[in-house]
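Visitor: Protein chains in written order, with our numbering: chain A, 4 to 424; chain B, 4 to 424.
Protein chains: 2
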Amino acid sequence: GWVRSVRSQKEVLFLHINDGSSLENLQVVADPSLENRDLTFGSAVEVQGKLVKSPHRMQNMELKAETIRVVGPCDTWSFPLKTKERHPLEYVRQFPHLRCRNNTLGSLLRIRSEATAAIHSFFQDNGYVHIHTPIITSNDCEGAGELFQIEVSWLHKAREPAEKTHFFNVPAFLTVSGQLHLEVMAGAFTHVFTFGPTFRAENSQSRRHLAEFYMVEAELSFTESLEDIMQVMEDLFKTVTSTVFSKCPRDVELFHKYIAPAQKVILFFFFCRISYNEAVEILKQASQTFTFKPEWGCDLQTEHERYLVKHCGEVPVFVINYPYDLKPFYMRDNEDGPQHTVAAVDLLVPGIGELCGGSLREERLPFLESRLQRYLDLRKFGSVPHGGFGMGFERYLQYILGVENIKDVIPFPRFSHSCLL
Amino acid sequence: GWVRSVRSQKEVLFLHINDGSSLENLQVVADPSLENRDLTFGSAVEVQGKLVKSPHRMQNMELKAETIRVVGPCDTWSFPLKTKERHPLEYVRQFPHLRCRNNTLGSLLRIRSEATAAIHSFFQDNGYVHIHTPIITSNDCEGAGELFQIEVSWLHKAREPAEKTHFFNVPAFLTVSGQLHLEVMAGAFTHVFTFGPTFRAENSQSRRHLAEFYMVEAELSFTESLEDIMQVMEDLFKTVTSTVFSKCPRDVELFHKYIAPAQKVILFFFFCRISYNEAVEILKQASQTFTFKPEWGCDLQTEHERYLVKHCGEVPVFVINYPYDLKPFYMRDNEDGPQHTVAAVDLLVPGIGELCGGSLREERLPFLESRLQRYLDLRKFGSVPHGGFGMGFERYLQYILGVENIKDVIPFPRFSHSCLL
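#1: My output table needs one value for R96(A): the three-state DSSP class, helix, strand or coil.
#2: Which residue from V283(B), S81(B) and Y261(B) puts its Cα closest to that of L111(B)?
#3: Can you tell me which of D34(B), A121(B), P326(B) and F295(B) puts its alpha carbon nearest to the alpha carbon of P341(B)?
#4: Just checking, does the stretch 397-406 of chain B make contact with the stretch 186-195 of chain B on the three C-beta pairs under 8 Å criterion?
#5: What ranges does the beta strand (DSSP E) occupy inside the stretch 233-281 of chain A, keeping only unbroken runs of at least 3 residues that lie completely in it?
#6: Less than 8 Å separating the beta-carbons of F151(B) and I138(A)?
#7: Using the beta-carbon of each residue, which ones in chain A are nearer than 7 Å to Q127(B)?
#8: I want to know whether the stretch 66-75 of chain B touches the stretch 84-97 of chain B - three or more CB-CB distances under 8 Å.
#9: Under a Cβ-count criterion, where at least 16 other Cβ atoms within 10 Å of its own Cβ denotes burial, should I232(A) be classed as buried or exposed?
#10: Using a Cβ-Cβ distance under 8 Å, would A161(B) count as near chain A?
#11: For Q127(B), name the three-state secondary structure that DSSP assigns.
#12: In chain order, what are the residue ranges of uninterrupted alpha helix (DSSP H) at least 4 long that sit wholly in the stretch 328-378 of chain B?
#13: Beta carbon of K56(B): closer than 7 Å to some heavy atom of the ligand HEM?
#14: What's the gap between the Cα of K56(A) and the Cα of L42(A)?
#15: Under 8 Å, Cβ to Cβ, is there at least one residue of chain B near F332(A)?
#16: Using beta-carbon positions only, say whether G356(B) and G393(B) come within less than 8 Å of one another.
#17: Locate the beta strand (DSSP E) running through T197(B), then write down its first and last residues.
#18: Relative to the C-alpha of T244(A), which residue among L423(A), T178(A) and I114(A) is closest?
#19: Near F426(A), what residues of its chain come up, given a Cβ to Cβ distance below 6 Å and the 5 sequence neighbours on each side ignored?
#20: Hey, E227(A) and P388(A): beta-carbon distance below 8 Å or not?
#21: If the cut-off is 9 Å on Cβ atoms, which residues from the stretch 217-250 of chain B count as contacting chain A, listed in chain order?
#22: With a 10 Å radius around its C-beta and 16 neighbouring C-beta atoms as the bar for buried, classify W5(B) as buried or exposed.
#23: Quick one: which chain A residues come within Cβ less than 7 Å of P200(B)?
#24: Rounding to the nearest angstrom, what Cα-Cα distance links E27(B) and F225(A) in this structure?
#25: Thinking E220(A) and S180(A) are a contact (beta carbons under 8 Å), I'd like their distance in whole angstroms, please.
#26: Can you tell me whether K87(A) is helix, strand or coil according to DSSP?
#27: Mapping DSSP to helix, strand and coil, what is G52(B)?
#28: In terms of residues, what are the limits of the beta strand (DSSP E) holding V73(A)?
#29: Output needed in chain order: residues of the stretch 175-187 of chain A with a Cβ under 8 Å from some Cβ in chain B.
#30: For T305(B), collect the residues of the same chain with a Cβ closer than 7 Å to its Cβ; drop the 5 residues on either side in sequence, then sort them by chain order.
#31: Would P35(A) pass as a contact of L54(A) if the rule is Cβ separation under 8 Å?
#32: Using a Cβ-Cβ cut-off of less than 8 Å, list which residues of the stretch 251-277 of chain A approach chain B; keep chain order.
#33: Within a Cβ cutoff of 7 Å, which residues of the same chain sit near L108(A), ignoring the five residues on either side of it in sequence?
#34: Residues in the stretch 50-61 of chain B with C-beta within 7 Å of chain A's C-beta atoms, listed in sequence order?
#35: Alpha carbon to alpha carbon, how far is D302(A) from R203(B)?
#36: In terms of residue numbering, what span does the alpha helix (DSSP H) encompassing I413(A) cover?
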């Protein structure tokens, strides 16, 4: 493990060492003669000795050292992490190759790993087939937003060829969502999910956006009501969160105690359900004045989302049945008027805003005519009512842990002007 | 589910339906009056009725239908899959949006999903922390091979800006390996793994290469022998494969019976271990003549790999300790002569060739001097002996199932000139 502290007394030498398997350090008790000048904060050591019951109340075990070998010394003077200091997250962010040795990032990444496993288990246990949806796609999806385009690099070539041809014959992009590919698969396996990276080339320095982030997406065939979709979102959230809380209690405690003492994620609460119509009424009747006046047909702004969550008692809130014109072509027409609302749902959570988005998909061929040919083909050959949703994994971690900045919940953050390592 | 066959008799109507949860169909027994002209191969149906014990030997259960509703009809004339036909894999490859409804691809993707879960479980159960290594990187890694470069797409813009600036300020690429990022993390968590997409812009139509493929990579700190690394590779292979074989016996049987009847993956065999020196000697003494003459210091060619595997009795073979000059800078010098060999290992398997590659990493600062600054930093602050490996997930599936072409073991294959959907 790596040395976290050295305390040298007359009679005895105390070391705290940590191998990254948990937040807690192992206390090593040694004869002062075993001390050497390479035994510093940050150095890597191999200790041999006996593991004994500790006389202290705060720990179970300690290691009575017989030999201590410094495997890799650490120059504490140039090492950017300092012993016994609580470095701000902004500070450690500068050292993408070393920040994982910081307590907070260590806990974060162990939690992220457990959450990843819990998400796979949740879907596996419920009979979903996992699909690796492609990263490179020739689709520009909803035509939505800013895409990254891909070409063969000419960096190592003598010069650019006179005529550039596309590697894939067509322009290729980094995926913004696996939904279309999941819909293909839901037409064969009924219940499918994916959990992979997605990309947006948005020039944003926001604490809620990254250029590369992870999404959990699920698609369910033979689903005729938004309630089914919401039930899966709610179950996913509660199951994964309770698994994480019970598997890494100490790591989670660090966040709830020091990073976001106000954050409360209670797992027994009721997830509120309101319609877009109701939401607009609530906002119109608010005593608060908004920068954007709430009006039927307009998108909910961050200030609106915040108000709705507060109005419902600071619990997660599903908002359903959005105006037809606000949502993409594939969402199912509710037929409550000519192109009036679609069966869409967003899940808003305290402190974050939108955590999940989903919808019933339009499975009826005439409603989709004049659209993408392959999308239509899926409707021609055994089309079924279906729906699905996506959840931003980083926002999920931000929410359950109360982490302000999204850059601190991903191992190597990518955003405009920054791609370290 | 979706209708797989309709058999109409005078007294009774038989349907086979399938919802993608397994290879086996559910037999539906109905009164002929329930038949209607939309009830065709490929159509989606909702059947209500009683699940009863089947009188037939070949199945456990059948469904006595009370109502049958065609949810989505299927125009069998234009549907490219035909009832009761065993379509060649090359044929269904043309229909990326429909081929998952083919039996073989259905089994393949269920197996792929189980293998994915088994890989996560294997590492989780052995105390590894899962890391999402980045897809976009500013590193060009080993300087190795052909990279994809990324830029913001100007497709939807009125015109290209006069001066292009990089979105990330620096040139950015799609990752070819998560190794360097895993090494960072192994310096904090001791044992880490990743399982994600990697990319090569190789202009190849080979049946063993894709532009986008998945790699399992692991990195272990405090590891001083190649044997430790090989043990993890072997355990990973055997544990995951036996899990897959026991979780989807029918799906696996389909491959071993119809796709590759000669394929034998026995899980109790011994994995052979030979050194590069021995390998060259074996090749030199071979009665066979090779296109490439075996010579110490030259890379092993496909023909050589094939011979070595055959020589060892058609079992997986570890080849270790390669010449210094053949391998990248980060591999550990064996110090058996001046820059003579490094502690590298490749795992060769029958029919595929290289399945895994790994090495001990050079942890000693002086051996790495004049290299990448960050790579050096990791060695300055608590450096430890460590090693790791990567396994190509698609090649793994090819091997255990005996699938000829790599394009058939991934949901949406990407290769030069092709990026469908």
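We put the CB at the ideal spot given by N, CA and C, even for glycine.
Guide: In short, the structure shows the following:
#1: Within the first sequence, numbered from 1, the residue matching residue 96(A) stands at position 93. Secondary structure of R96(A) (DSSP, three-state): coil.
#2: Residue numbering aside, residue 111(B) sits at position 108 when the second sequence is read from its first letter. When each option's Cα is compared against that of L111(B), the closest is Y261(B).
#3: Walking along the second sequence from the start, residue 341(B) turns up at place 338. The candidate whose alpha carbon is nearest that of P341(B) is P326(B).
#4: no
#5: 275-278
#6: Working through the second sequence from its first residue, we reach residue 151(B) at position 148. Working through the first sequence from its first residue, we reach residue 138(A) at position 135. No.
#7: Counted from its first residue, the second sequence places residue 127(B) at position 124. The answer, in chain order, is A120.
#8: Taking 8 Å as the limit for Cβ pairs, the verdict is that the stretch 84-97 of chain B does not touch the stretch 66-75 of chain B.
#9: Along the first sequence, one-based indexing puts residue 232(A) at 229. Counting Cβ neighbours within 10 Å, I232(A) comes out buried, since at least 16 surround it.
#10: The sequence position of residue 161(B) within the second sequence is 158, counting from 1. The pLDDT assigned to A161(B) is 49, lower than 50, so where the model puts this residue is not dependable; a value taken from the coordinates is nonetheless given after this. No, no contact with chain A.
#11: As a working note, residue 127(B) is residue 124 in the second sequence. The answer is helix: DSSP assigns Q127(B) an H, G or I state.
#12: 368-371
#13: Judged by which ligands are present, the structure shown has none, so any question about the ligand HEM falls away.
#14: Here residue 56(A) refers to the residue found at position 53 of the first sequence. Here residue 42(A) refers to the residue found at position 39 of the first sequence. In a straight line, the C-alpha of K56(A) is about 24 Å away from that of L42(A).
#15: Numbered from its first residue, the first sequence carries residue 332(A) at position 329. Taking Cβ atoms only, chain B never reaches closer than 8 Å to F332(A), which makes this a no.
#16: Stepping through the second sequence from its first residue, residue 356(B) is reached at position 353. Stepping through the second sequence from its first residue, residue 393(B) is reached at position 390. No, they are not a contact pair.
#17: Indexing the second sequence from 1 puts residue 197(B) at position 194. Counting along the chain, the beta strand (DSSP E) containing T197(B) begins and ends at H194 to F202.
#18: By 1-based counting over the first sequence, the position of residue 244(A) is 241. For T244(A), the nearest C-alpha among the options comes from I114(A).
#19: Past the boundaries of the shown model lies residue 426(A); chain A is included only from 4 to 424, so the question cannot be answered.
#20: Reading the first sequence from its first residue, position 224 is the one you call residue 227(A). Reading the first sequence from its first residue, position 385 is the one you call residue 388(A). In this structure, P388(A) lies closer than 8 Å to E227(A) by Cβ.
#21: Y217, S224 and F225
#22: Along the second sequence, one-based indexing puts residue 5(B) at 2. Buried: at least 16 other Cβ atoms inside 10 Å.
#23: As a working note, residue 200(B) is residue 197 in the second sequence. Those within 7 Å of P200(B) in chain A are I138.
#24: On the second sequence, residue 27(B) is found 24 positions in, with the first residue counted as 1. On the first sequence, residue 225(A) is found 222 positions in, with the first residue counted as 1. Cα to Cα, the separation comes out at about 20 Å.
#25: Within the first sequence, the letter at position 217 stands for residue 220(A). Within the first sequence, the letter at position 177 stands for residue 180(A). Sure, about 7 Å apart at Cβ, within 8 Å.
#26: Residue mapping note: residue 87(A) aligns to position 84 of the first sequence, counting from 1. Coil at K87(A), not helix or strand.
#27: Your numbering for residue 52(B) matches position 49 in the second sequence. Reduced to three states, the DSSP call for G52(B) is strand.
#28: In the first sequence, residue 73(A) corresponds to position 70, counting from 1. Note, V73(A): beta strand (DSSP E), M64 to G75.
#29: A175, F176, L177, L183, H184 and V187
#30: Counting from 1 along the second sequence, the entry for residue 305(B) is found at position 302. The answer, listed in chain order, is G356.
#31: For the purposes of this step, residue 35(A) is taken as the residue at position 32 of the first sequence. For the purposes of this step, residue 54(A) is taken as the residue at position 51 of the first sequence. Contact flag unset, no.
#32: none
#33: Here the question's residue 108(A) lines up with position 105 in the first sequence. Hits under 7 Å: V95 and R102.
#34: none
#35: Numbered from its first residue, the first sequence carries residue 302(A) at position 299. Numbered from its first residue, the second sequence carries residue 203(B) at position 200. Going from the Cα of D302(A) to the Cα of R203(B) covers about 41 Å.
#36: In the first sequence, the residue the question calls residue 413(A) occupies position 410. From DSSP, I413(A) is part of no alpha helix (DSSP H); its letter is neither H nor E.
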